[in-house]
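Chemist: Pasting a structure below so you can have a look.
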Amino acid sequence: MTNELGIPHEPFDTTFGPMDYGAKTDEARAFHYAVYETIQKIPYGSVTSYGHIAYLIGMPENSRRVGYALKHLPSNPECEFNHDNVPWWRVINSQGKISLVAEAKHRQMDRLRAENITVYDSGAVPFDDFGWFPDEQD
Numbered sequence: 003m004t005n006e007l008g009i010p011h012e013p014f015d016t017t018f019g020p021m022d023y024g025a026k027t028d029e030a031r032a033f034h035y036a037v038y039e040t041i042q043k044i045p046y047g048s049v050t051s052y053g054h055i056a057y058l059i060g061m062p063e064n065s066r067r068v069g070y071a072l073k074h075l076p077s078n079p080e081c082e083f084n085h086d087n088v089p090w091w092r093v094i095n096s097q098g099k100i101s102l103v104a105e106a107k108h109r110q111m112d113r114l115r116a117e118n119i120t121v122y123d124s125g126a127v128p129f130d131d132f133g134w135f136p137d138e139q140d
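Each residue of the sequence shown is one higher than the last, beginning at 3 in the working numbering.
Shown next, in the form of structure tokens:
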């Protein structure tokens, strides 16, 4: 199913209350769904940037919105998209660094290292070795 912008999304599920993923409009909700679906395609042991996710969903000028969508990714496993089934830790900034700070940064570093991805103490990941930058979604 797609919205009027052609962004894939699923119907709004109200089983456990409104799962709006921090989105206030249908367009914003569709954007979040597209972000989550695209992030699910990042292969194990790879990373990509917020900007490349935005590019893949046809909205390359919206990399910050990708970060906003991830900020609102639910931890509740009953939600269609959640911390367990959307590998949020595989998305880093365009400089190849983790954007999060403090405890969240270390949590992301641990998740990446668990996938045998090289992460320097600065939070940098070598895109040449671990970057995933397809021209289009599969």
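Built from N, CA and C at the ideal position, the CB exists for glycine as well.
Computed from a predicted model, the values in this text were never measured in an experiment.
Between the segment 128-138 and the segment 39-48, do at least 3 Cβ pairs fall closer than 8 angstroms?
Modeler: yes
Chemist: May I ask you to list the residues that DSSP assigns as paired with G133?
Modeler: Your numbering for residue 133 matches position 131 in the sequence shown. G133 is bridged to V49.
Chemist: For K99, name the three-state secondary structure that DSSP assigns.
Modeler: In the sequence shown, counting from the first residue as 1, residue 99 sits at position 97. In this structure, K99 counts as strand in the three-state DSSP scheme.
Chemist: Would you check if the segment 30-37 and the segment 67-87 touch, i.e. whether three or more CB-CB distances between them fall below 8 angstroms?
Modeler: yes
Chemist: Using alpha carbons as the reference points, say which of F129, R92, S124 and D137 lies closest to A116.
Modeler: Stepping through the sequence shown from its first residue, residue 116 is reached at position 114. Checking every option, the nearest Cα to that of A116 belongs to R92.
Chemist: Assign V121 to one of three DSSP states: helix, strand, or coil.
Modeler: On the sequence shown, position 119 is the one that residue 121 refers to. Coil.
Chemist: Can you tell which of A106, S101 and R66 has its C-alpha closest to the C-alpha of H85?
Modeler: As a first step, residue 85 is located in the sequence shown; it is residue number 83 there, counting from the start. It is A106 whose Cα lies nearest to the Cα of H85.
Chemist: Once you ignore the five residues that flank L75 on each side, which residues in its own chain have a CB closer than 8 angstroms to its CB?
Modeler: Against the sequence shown, residue 75 aligns to sequence position 73. Once the five neighbours on either side are set aside, the close Cβ partners of L75 are Y23, Y38, F83, N84, H85, V88 and W90.
Chemist: Rounded to the nearest angstrom, what separates T27 and N95 at their Cα positions?
Modeler: To locate residue 27, count along the sequence shown from 1; it is residue 25. To locate residue 95, count along the sequence shown from 1; it is residue 93. Rounded to the nearest angstrom, the two C-alpha atoms are 26 angstroms apart.
Chemist: Could you tell me the distance, in whole angstroms, from the CA atom of E63 to the CA atom of D137?
Modeler: In the sequence shown, residue 63 corresponds to position 61, counting from 1. In the sequence shown, residue 137 corresponds to position 135, counting from 1. The alpha-carbon atoms of E63 and D137 are separated by roughly 16 angstroms.
Chemist: Just verifying my parser: in three-state terms, what is the DSSP assignment at I44?
Modeler: Against the sequence shown, residue 44 aligns to sequence position 42. Note: I44 maps to coil in three-state DSSP.
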